[in-house]
Amino acid sequence: MFGYIKPFTPRLLVCEYDNYKAVYCGVCRDLQQYAPMLRLSLSYDFVFAALFRMCATGENELTKPFRCAVNPAKKRPLCQNEATKFSAAAAVVMSYYKLCDDIADGKRLRILFKPFFKRPLKRAERDYPGLRAIIAEGFENQLRVEKDPDSGIDLAADPTAAALGKLLESCEQNPAGKRSVYEFGYMLGRWVYLIDAADDLKKDQKSGGFNPFKACPERRIEVLNLCVTEVSARYDKLPSQYHHPVIDNIIELGTLKVQNDIMSPDTGKIKKQNDRHNFHKTN
Amino acid sequence: MDPYEVLGVAPNATEEQIKAAYRELARKYHPDNYNGNPMADLAKEKMQQINDAYDRVMSARRGNSGAGEGTGSTQFAEVRGFISRGDYAGADSALERFPSSARNAEWYYLKGVVFERRGWMEQAAANYERAANMDPQNNEYASATSRVKWQRSGNYGSPNQQPNGPYRQTGTGGCGNNCGPCDMCTGLCCADTCCECMGGDLCTCC
Chain A
1 MFGYIKPFTP RLLVCEYDNY KAVYCGVCRD LQQYAPMLRL SLSYDFVFAA LFRMCATGEN
61 ELTKPFRCAV NPAKKRPLCQ NEATKFSAAA AVVMSYYKLC DDIADGKRLR ILFKPFFKRP
121 LKRAERDYPG LRAIIAEGFE NQLRVEKDPD SGIDLAADPT AAALGKLLES CEQNPAGKRS
181 VYEFGYMLGR WVYLIDAADD LKKDQKSGGF NPFKACPERR IEVLNLCVTE VSARYDKLPS
241 QYHHPVIDNI IELGTLKVQN DIMSPDTGKI KKQNDRHNFH KTN
Chain B
284 MDPYEVLGVA PNATEEQIKA AYRELARKYH PDNYNGNPMA DLAKEKMQQI NDAYDRVMSA
344 RRGNSGAGEG TGSTQFAEVR GFISRGDYAG ADSALERFPS SARNAEWYYL KGVVFERRGW
404 MEQAAANYER AANMDPQNNE YASATSRVKW QRSGNYGSPN QQPNGPYRQT GTGGCGNNCG
464 PCDMCTGLCC ADTCCECMGG DLCTCC
C-alpha cells in the first residue's frame with residue numbers, strides 16, 4: 001500500500017488524534033519486533049488496517065505509555081494489540097513483495113536486501129498463515145495485468161483492489177458481514193491504486209511505465225470521483241462496529257483531501273499548512 | 284425505545300439526515316474517546332443503543348428497496364432473481380448465456396449492475412449509458428446513468444437529495460462561511476469597539 005489512506009487531522013478531535021497516534025506507535029513497535037529496519041517503511045495505510053481490525057475484534061484499550069527512541073524525553077500513549085501485530089505482519093509481507101517488484105523492475109542492486117527478509121517473513125507467515133498468499137496473489141496478478149498496455153482501468157485496478165478486499169475481509173469474523181467488508185475493501189483498494197496511478201502519471205509518461213490513465217489523462221478526476229463516492233457508499237453499508245470516528249474521518253474527508261492535493265497542485269499552500277499537522281513533525 | 288428518538292431525528296427524515304445524526308452521536312459517545320475515563324461504561328452503553336437504533340432504522344428502510352427489483356421483462360426474470368439474492372456470479376453467467384443478438388437495453392443495464400457490484404465502476408458506467416442510449420424512455424436506465432454522472436462530479440447519494448451532507452465538506456476548518464470561534468471573537472471585538480465609540484462598554488476588560 002502507498003500511504004494514501006490517512007485522516008484529515010484538522011478535523012479530528014484531540015482525543016481521536018491521540019488514539020490514532022497511539023495506534024501508529026503500536027504498529028511501529030510491532031514492526032520493530034518483526035524487522036527493526038522496516039520501521040522506516042511504515043505508512044498510514046497500515047495504521048488504517050490496524051484501526052479497521054480493532055473495530056472488527058473490539059480490542060481498543062490503550063496499553064502502558066512508553067518512551068520512543070526517536071524522542072526519549074517524552075512518554076507517549078501506546079496502543080499495541082493483536083490488530084497492530086496483524087498490520088505489522090502485513091507490512092512485512094508487503095515490503096518484501098515490493099522489493100521483489102523493484103528487482104524485477106531493473107533495480108538489481110536491491111537483491112542484496114532480500115536475505116534480511118527471510119526470518120521476518122517466516123515469522124509473519126507463522127503468525128498469520130493466509131496473509132502471504134493474499135498479497136503474493138495481488139502482486140502476481142498486477143504484474144500480469146500491467147504487461148498488457150491495453151488493460152483498461154477496471155482490469156488494471158482489480159488485483160490491488162481484490163488484495164485489500166481480502167485483507168480486510170479476513171478481519172471480519174461474522175460470515176454474514178464478510179461480503180460487505182470485502183466490497184468496501186475492494187473499492188478502497190481500487191481507489192488507492194487509481195490515486196497512485198494519477199499521482200504517478202507524469203513520471204510514467206516520461207519513463208514509459210504502465211499507467212491506466214495514459215490513454216485518457218483528462219478523465220482522471222471523474223474516474224476518481226466515481227470511485228471515491230462509491231467507497232463512502234459502501235462504507236455506509238458496513239456493520240455498525242466499523243463506524244469509528246477516525247475511520248469516518250479517513251473515508252469521508254481524508255480521501256477527498258488526498259485527492260484534492262494530487263489533482264490540483266496549485267493548492268500547495270493549503271497542503272503545506274496541513275503538513276504542520278503531520279504527526280512526525282509535531283510529535 | 285423508539286429508534287428515531289435515540290438518534291434524535293424525525294421519522295420522516297431522509298437517509299442522509301439519519302446518517303449525519305448517527306455519525307454525530309457516534310463521534311460523541313465512541314468508547315475509544317473514553318479510555319480510562321469513569322464515564323467509559325456509560326458511553327459504551329449509549330453507543331450500543333445508538334448502533335442498535337441505527338441498524339433498525341436502516342434495515343427497515345432498506346427492506347423495501349434493493350437492486351434487482353424493477354420493471355423488467357420476463358426474459359431476464361432469472362437474472363434479476365440472481366441479483367436480488369446477491370448471487371452476482373450466477374447473474375453474470377446467466378447473462379453471458381444470452382446470444383449477442385438477444386442483448387437489448389435491459390441486458391446492458393443488468394450487466395452494468397453486475398459490474399457495479401463487482402466494483403468495476405467504469406465498465407458499469409459504460410453499460411448503463413449504453414442501456415440508456417438504446418432505450419431513452421426507460422426510467423431505470425436513465426436514473427442509473429444520471430446517478431453515475433452525479434458521482435463523477437464528486438457528489439455522493441442520489442441527485443434528488445440535498446447535495447452536501449455535513450461530512451462532505453473539505454476545507455481547512457475553522458473560519459469558513461459558517462460561524463466559527465474566530466468569527467465570534469471578531470464579532471465581540473467589533474461590538475465592543477462600537478459600544479466604546481458611543482461611550483458605553485461591552486467588555487469591561489478592554
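Just so you know, the sequences run in chain order A and B. Note that the working numbering has the first sequence beginning at 1, numbered continuously upward. Note that the working numbering has the second sequence beginning at 284, numbered continuously upward. All C-beta atoms, glycine included, are put in the ideal place defined by N, C-alpha and C. Quick caveat, the model's predicted, so the values are computed rather than measured.
- Taking a contact as a CB-CB distance under 8 Å, the pair A:A104 and A:F46 does not count as one, their CB atoms being some 23 Å apart.
- With contacts defined as CB atoms closer than 8 Å, A:L42 and A:L51 fail to qualify as a contacting pair.
- Excluding five sequence positions before and after A:F213, the CB atoms of its chain that fall closer than 7 Å to its own CB belong to A197, A198, L201 and R220, given in chain order.
- Residues of chain B with a Cβ closer than 7 Å to the Cβ of A:V223 are, in chain order, E405.
- CA-CA distance, A:R11 to B:E307, rounds to 13 Å.
- Cβ atoms of A:V27 and A:A88 come within 8 Å of each other, at about 6 Å.
- Counting only the Cα atoms, A:R67 lies some 7 Å from A:A73.
- For the 8 Å CB-CB criterion, A:D102 and A:F139 do not form a contact.
- Annotation: B:F398 to B:A407 spans about 5 Å, alpha carbon to alpha carbon.
- Using a CB distance cut-off of 8 Å, A:P175 does not count as an interface residue toward chain B.
- Counting the other CB atoms within 10 Å of its CB gives A:E183 a total of 16 or more, which places it among the buried residues.
- Among the residues facing chain B, A:L62 is included, as its CB has a counterpart in that chain under 8 Å away.
- The beta carbon of B:V431 falls within 8 Å of a beta carbon belonging to chain A, placing the residue at that interface.
- Here B:E389 is buried: its Cβ has 16 or more other Cβ atoms, across all protein chains shown, within 10 Å.
- Contact with chain B is found for A:S232, since one of that chain's Cβ atoms lies less than 8 Å from the residue's Cβ.
- A:R126 places its beta carbon 8 Å or farther from that of A:A83.
- Shortest Cα-Cα distance from B:K302 to any of B:A415, B:D375 and B:D338 involves B:D338.
- With fewer than three CB-CB distances shorter than 8 Å, the region 133-152 of chain A does not count as touching the region 110-124 of chain A.
- The secondary-structure analysis by DSSP pairs A:C68 across a beta bridge with A:N71.
- Under a criterion of Cβ atoms nearer than 8 Å, the residues of chain A adjacent to B:K302 are, in order, D236.
- For A:P65, same chain residues with a beta-carbon under 7 Å away, outside a window of 5 residues either side, are K75, R76, P77 and L78 in chain order.
- Contiguous alpha helix (DSSP H) elements confined to the region 145-228 of chain A occur at 153-169 and 175-207, taking only those with 4 or more residues.
- Burial check for A:R234: the Cβ neighbour count within 10 Å reaches 16 or more, so the residue is buried.
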